[in-house]
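*Asks:* Let me give you the structure first, and then I'll get to my questions.
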Amino acid sequence: MASTPRGRGLARPAATGTPGAATRPGRPARPLPAGVVIRYGTHRSPGSEKKFSRTVLITMSLLLAAVCGLLGAFGAGTASASVARVLPERVVVIGVPGLEWSDLDPERTPNLWRLAGEGGSASMSTRAVPPPDRGITCPVAGWLTVSAGQRAGAPGAGCALPRTPEATSDGGASVPGWDELSAFNATTAYRPVLGQLGRLAAGAGLKVAAVGPGAALAAADTSGKIAKYAANIEELGELSPYGLIVVEVDDLARAWIGGGLTPDGVPASMTAQTRREAVARADRVVGTVLDRLPPSRAAATQATPPTPTSETTRAPEATRTPEAGKTPGSTPPAATGGGTGTGAGTTVLLGGLADTSIAPHLHVAIARGPSPSGEPYPHGYLTATSTRQDGLVANTDLTATAIDLLGLRAPNGVVGRAWQGQEPSGEPVAATVRKLADDDLASQVLREVRGPFFAVFVAVQILFYLLAAVAIRRGWGGSRALTAVQLVAVVSGAIAVSTFLAQLVPWWSLPAPMAAVIVTILGFACVIAGVAFAGPWRTHPLGPLTVVAAITSTALLADVMTGSVLQVNAVTGYEPVTGGRFYGFSNIAFAVYSAGTILALAGTAQWLISRGRRGLALTVCAAYGGLAVFADGWPAWGADFGGVPAFLVGVAVFLILLAGGRVSPAKLGLAGLAGVLLIGTIAVADWRRPADQRTHLGAFVQQVLDGEAWTVVGRKFGAMIGVTVGNWSLSLLTLVALAFLFLVLDRPSRWGASALGRAYALSPALRAGLIGALACALIGFLMNDSGIAIPAMALTVAVPLTLAASVRALALSPPSTPGRSSAPAASTAPPAP
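Here it is in structure tokens:
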């Protein structure tokens, strides 16, 4: 490094007793390589420190003001004037519990195949309230979730078929045990209100009909009553009078539950032949329903046009109370999605709703006919703002879609979002079905490999730390061992981001998925490590660290900006079957992203400071750090609530230490308050948007207003405790990584001064970056429901890369171990007489 100009960053020895210093109490100063002059970034006068603190506060205030302005425009811009749109004449919801995309076949299921070709298709995540110690959705829970628009369930340890409704004298029916179902769901974490769909439709003057016991659960009002019930579609008679018809097709559910129980009390898996036969029967029932749909009134009007003096009679559906901007009544042929043929004015929503196996699956979702926008659902993929993923929707979205199509406003308890069509797709139905079936295959393989992968991952990490400790503390293997440790450490630091990049390769479809995912992840990690060692930066202690951390940060930032596709079905990402979250930063991705960002900024700052550009270094770090935090919380990108305060504190700690300041409780409090204000502002702006466009950030604001915030916080806190206590492997990895960092790297070894101390001496910015990353991980652990997974994955990035920098620092320093003592000199005294 070049010598330091007078008056700026003067070279000086590290203070005795300072963590990571080049000297320690009772030890002589360890020499550095010849010609090396250390440029420390921590020597600033009290006046300059106060000036920097004021600058940081002003910068944060300006950033917050700019964000407020952007968010104000963001929230206001979405409240544009509503555009009048037509509504379908009726909505038909067909539930086929257990139906998967792999069940569809053009010969065996012609009606379902035709329906998929005439409308939009997606995989449906059917997560509800499962039975105790099970991860599946039972048929009753699936139907109740449609009823409430929120995850619901039923008491009991197993799955059962819905009970047959009790007929009433007026042709309707009541659901047996409704009060018991309502009481049970009131005790769950989600507190769904059963009967929302039926209550809204009946309250708007629409005639509601249910076909089958399961459909009765979905169509009942909040008292458990259904105005019209029929055991099958033939009994229902003419469908024209009804605005909402819910139909149960339970062939798969009956075949599964009626096939006997396992010793654990769970229905046994169906044989392939039994499943094919049940699917074929279900297809015939669906075909019967589709064939009985009445033609559009527009078609009847075209066949018999009214005389010029006559008045056109409004359809019964026009008596509903529509949401502003929606025009009830008949739909023009151009908007029906089905011309003027059978069912042209009807929107059909078909969903798998529940599981019929011992393992959860993604299920079929199809929409045909007029969409909430008034345009027909085109052939292609469905999506929803709840998932932001093409070809992926949730079961709660089905309720929201039906309510929207009926021209009604969904209450706050309905958490789903309406299904939306994409641009018309020219791909064949077979390609669409194959792609969606592959998505379910990926989710199944993920469930099988995730546990073993993390077991291998944790074991290999701990073994590597043990071997590295021997090489550093004992000096075994000499310089060659240090070179090997550095290489493996860089590869290890790249593993975390490689778990997301691996989604670029369809490893789940290969014959040996477990081996395939490990090889794919290692392949990407080795490529990243190759880039880290490819250029002249490889000779600097922070060179490889900066490259790996920068790739980690930018890759995940680009991913959330483009839809978070790399996180879906990744071993460290989202699991669509679970349905916890589908877009933005997952908690593990946040941990990797934040640690990579802060360490990348540390390496960049060190490079600029070594060239005398300290001011530019602070500016660049503050700018990119602010962008990274903003991207983490922005609803269109990261949409991360708990990560923003933690991330902002971590970046602030890094900047304060980088500028030579001291981190005080007051500064930490100000940074945390700024983080809370920032994410609060973002959440309120998101809440100002229409309800169907909000993310979970705006939804949380509404829950605060409704008095439900503590329920959400309690559920998140319980999940955090459960993950921390239950996931012992990640807890062990966290403890081992911290012990390695402070008890191995930060202590003197056979090579002399501590390896971490030498890295700090050659690259002072590393200390600021490491402390900032650790602070972010600690606060993230306390504020996110993933608990110990946050620091575990952050340390997976930070500790190996810090190890690589420390080993390189040892290689750049001459050995300082004491040499062997010479033999004592011979005595010159005369011999004794």
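Counted the way the numbering used here counts, the sequence shown spans residues 311 to 1143.
We treat Cβ as the ideally placed atom computed from N, Cα and C, and that holds for glycine.
Small disclaimer: the values here were computed from a predicted structure and weren't measured.
#1: Along the chain, where does the beta strand (DSSP E) containing LYS538 start, and where does it finish?
#2: Exposed or buried, what is TRP282 when buried is set at 16 or more other beta-carbons lying within 10 Å of its beta-carbon?
#3: In terms of DSSP beta bridges, what is ILE404 paired with?
#4: Can ILE1089 and SER1041 be called in contact, C-beta distance under 8 Å?
#5: VAL959: which of ALA984, PHE940 and VAL703 sits nearest, CA to CA?
#6: GLY481 bridges to which residues according to DSSP?
#7: Go ahead and pull the three-state DSSP assignment for TYR687.
#8: At which residues does the alpha helix (DSSP H) containing MET1030 begin and terminate?
#9: Measure the C-alpha to C-alpha separation of GLN1012 and PRO886 and round it to an integer number of angstroms.
#10: I believe LEU516 touches GLY553 by the beta-carbon criterion, under 8 Å. Please report the beta-carbon distance rounded to the nearest angstrom.
#11: So, is GLN916 buried or exposed, given that buried needs 16 or more other C-beta atoms within 10 angstroms?
#12: Measure from the alpha carbon of GLY953 to the alpha carbon of each residue in PHE1091, ASP749 and VAL402, then state which is nearest.
#13: By DSSP, does SER435 sit in helix, in strand, or in coil?
#14: Check for me: the alpha helix (DSSP H) holding ALA1115 runs from which residue to which?
#15: Spell out the partners DSSP gives ALA520 in its beta bridges.
#16: Rank TYR687, ASP869 and ASP750 by C-alpha distance to the C-alpha of HIS673 and give the top, closest one.
#17: According to DSSP, simplified to helix, strand and coil, what is ARG972?
#18: Alpha carbon to alpha carbon, how far is ALA765 from GLU737? Give it in angstroms, no decimals.
#19: Closer than 6 Å by C-beta to ALA791: which residues in its own chain qualify, once you throw out the five before and the five after it? Chain order, please.
#20: Rank LEU409, ALA910, SER904 and LEU909 by C-alpha distance to the C-alpha of ILE676 and give the top, closest one.
#21: Given 8 Å as the limit, is there contact between the stretch 1070-1087 and the stretch 802-816, that is, 3 or more CB pairs closer than that?
#22: Under the three-state reduction of DSSP, which class applies to HIS673: helix, strand or coil?
#23: What first and last residue would you give for the alpha helix (DSSP H) that runs through LEU507?
#24: For the putative contact between VAL807 and GLY906, defined by C-beta atoms under 8 Å, what is the C-beta separation to the nearest angstrom?
#25: For LEU708, which three-state DSSP category applies?
#26: Could you check the C-alpha separation between LEU663 and THR478 for me, to the nearest Å?
#27: Using DSSP's beta-bridge definition, name the partner residues of GLY894.
#28: Starting from GLN1013 and walking both ways along the alpha helix (DSSP H), at which residues does that stretch end?
#29: Which residue comes first and which comes last in the alpha helix (DSSP H) that contains GLY1090?
#30: Given a cut-off of 8 Å, decide if LEU718 and LEU510 are closer than it, judged by their beta-carbon atoms.
#31: Of the choices PRO1058, GLU428 and GLN754, whose alpha-carbon is the least far from that of VAL739?
#32: Quick check: the Cα distance between LEU507 and LYS538, rounded to an integer number of angstroms?
#33: Does DSSP put VAL725 in a helix, a strand or coil?
#34: Would you check whether the ligand ADP has a heavy atom nearer than 7 Å to the C-beta of THR598?
#35: Could you say which of VAL837, ALA563 and ASP593 lies nearest to SER579 if we only look at CA atoms?
#36: Among PRO945, GLY890, MET1030 and PHE1027, which residue has its Cα nearest to the Cα of THR991?
*Replies:* Taking the geometry as given:
#1: By one-based count along the sequence shown, residue 538 stands at place 228. Its beta strand (DSSP E) spans residues 538-540.
#2: What the structure shows of the chain is the stretch from 311 to 1143, and residue 282 is not part of that stretch, so it cannot be assessed.
#3: Counting from one through the sequence shown, the residue named residue 404 turns up at place 94. As a beta-bridge residue in DSSP terms, ILE404 pairs with VAL557 and LEU660.
#4: Taking the sequence shown and counting its residues from 1, one reaches residue 1089 at position 779. Taking the sequence shown and counting its residues from 1, one reaches residue 1041 at position 731. Contact: no.
#5: Counting from one through the sequence shown, the residue named residue 959 turns up at place 649. The residue with the shortest Cα to Cα distance from VAL959 is ALA984.
#6: By one-based count along the sequence shown, residue 481 stands at place 171. None; GLY481 has no bridge partner.
#7: As a working mapping, residue 687 is identified with position 377 in the sequence shown. Residue state for TYR687 is assigned as coil, using DSSP reduced to three classes.
#8: Locating residue 1030 in the sequence shown gives position 720, where the first residue counts as 1. That run of the alpha helix (DSSP H) goes 1019-1036.
#9: Taking the sequence shown and counting its residues from 1, the one referred to as residue 1012 is at position 702. Taking the sequence shown and counting its residues from 1, the one referred to as residue 886 is at position 576. Straight-line Cα distance between these residues: approximately 25 Å.
#10: Residue 516 sits at position 206 when you count from the first residue of the sequence shown. Residue 553 sits at position 243 when you count from the first residue of the sequence shown. In this structure LEU516 is in contact with GLY553, their Cβ atoms being roughly 3 Å apart against a cut-off of 8 Å.
#11: As a first step, residue 916 must be located in the sequence shown, where it is residue number 606. By the Cβ neighbour-count rule, GLN916 is buried, with 16 or more other Cβ atoms within 10 Å of its own.
#12: For the purposes of this step, residue 953 is taken as residue 643 along the sequence shown, with counting starting at 1. Among PHE1091, ASP749 and VAL402, the Cα nearest to that of GLY953 is on PHE1091.
#13: What you label residue 435 is simply residue 125 of the sequence shown in a count that begins at 1. Three-state DSSP puts SER435 in a strand.
#14: For the purposes of this step, residue 1115 is taken as the residue at position 805 of the sequence shown. Note, ALA1115: alpha helix (DSSP H), 1099-1122.
#15: The residue given as residue 520 occupies position 210 in the sequence shown. DSSP, once it has assigned bridges, lists TYR539 and VAL556 as partnering ALA520.
#16: Residue numbering aside, residue 673 sits at position 363 when the sequence shown is read from its first letter. Ranking TYR687, ASP869 and ASP750 by Cα distance to HIS673 puts ASP750 first.
#17: On the sequence shown, position 662 is the one that residue 972 refers to. Coil at ARG972, not helix or strand.
#18: Residue mapping note: residue 737 aligns to position 427 of the sequence shown, counting from 1. Residue mapping note: residue 765 aligns to position 455 of the sequence shown, counting from 1. Distance between the alpha carbons of GLU737 and ALA765: 41 Å.
#19: Here residue 791 is taken as the residue at index 481 of the sequence shown, counted from 1. Excluding residues within five positions, the ones whose Cβ falls inside 6 Å are ALA781.
#20: Taking the sequence shown and counting its residues from 1, the one referred to as residue 676 is at position 366. Closest by alpha carbon: LEU409.
#21: No, the stretch 1070-1087 does not touch the stretch 802-816.
#22: As a first step, residue 673 is located in the sequence shown; it is residue number 363 there, counting from the start. Correct three-state label for HIS673: strand.
#23: Walking along the sequence shown from the start, residue 507 turns up at place 197. Segment 506-513, the alpha helix (DSSP H) holding LEU507.
#24: Here the question's residue 807 lines up with position 497 in the sequence shown. Here the question's residue 906 lines up with position 596 in the sequence shown. So it is a contact: roughly 7 Å between Cβ atoms.
#25: In the sequence shown, residue 708 corresponds to position 398, counting from 1. DSSP places LEU708 in helix when its eight states are reduced to three.
#26: As a position in the sequence shown, residue 663 is number 353, starting the count at 1. As a position in the sequence shown, residue 478 is number 168, starting the count at 1. Each residue's Cα considered, the two are about 27 Å apart.
#27: One-based indexing of the sequence shown puts residue 894 at position 584. In DSSP, GLY894 forms no bridge with anything.
#28: Here residue 1013 refers to the residue found at position 703 of the sequence shown. That run of the alpha helix (DSSP H) goes 1006-1015.
#29: By one-based count along the sequence shown, residue 1090 stands at place 780. GLY1090 -> alpha helix (DSSP H) spans 1075-1093.
#30: Mapped onto the sequence shown, residue 510 falls at position 200. Mapped onto the sequence shown, residue 718 falls at position 408. Yes. Within cutoff.
#31: Counted from its first residue, the sequence shown places residue 739 at position 429. For VAL739, the closest of PRO1058, GLU428 and GLN754 by C-alpha to C-alpha distance is GLU428.
#32: For the purposes of this step, residue 507 is taken as residue 197 along the sequence shown, with counting starting at 1. For the purposes of this step, residue 538 is taken as residue 228 along the sequence shown, with counting starting at 1. Spanning the two alpha carbons is a distance of roughly 15 Å.
#33: Here the question's residue 725 lines up with position 415 in the sequence shown. Looking at VAL725 - three-state DSSP - the assignment turns out to be coil, as it is neither helix nor strand.
#34: No copy of the ligand ADP appears in this structure; indeed no ligand is present at all.
#35: Position 269 of the sequence shown, counting from 1, holds the residue named residue 579. Nearest C-alpha to SER579 among VAL837, ALA563 and ASP593: ALA563.
#36: The sequence position of residue 991 within the sequence shown is 681, counting from 1. The closest CA to that of THR991, considering only PRO945, GLY890, MET1030 and PHE1027, is found on PRO945.
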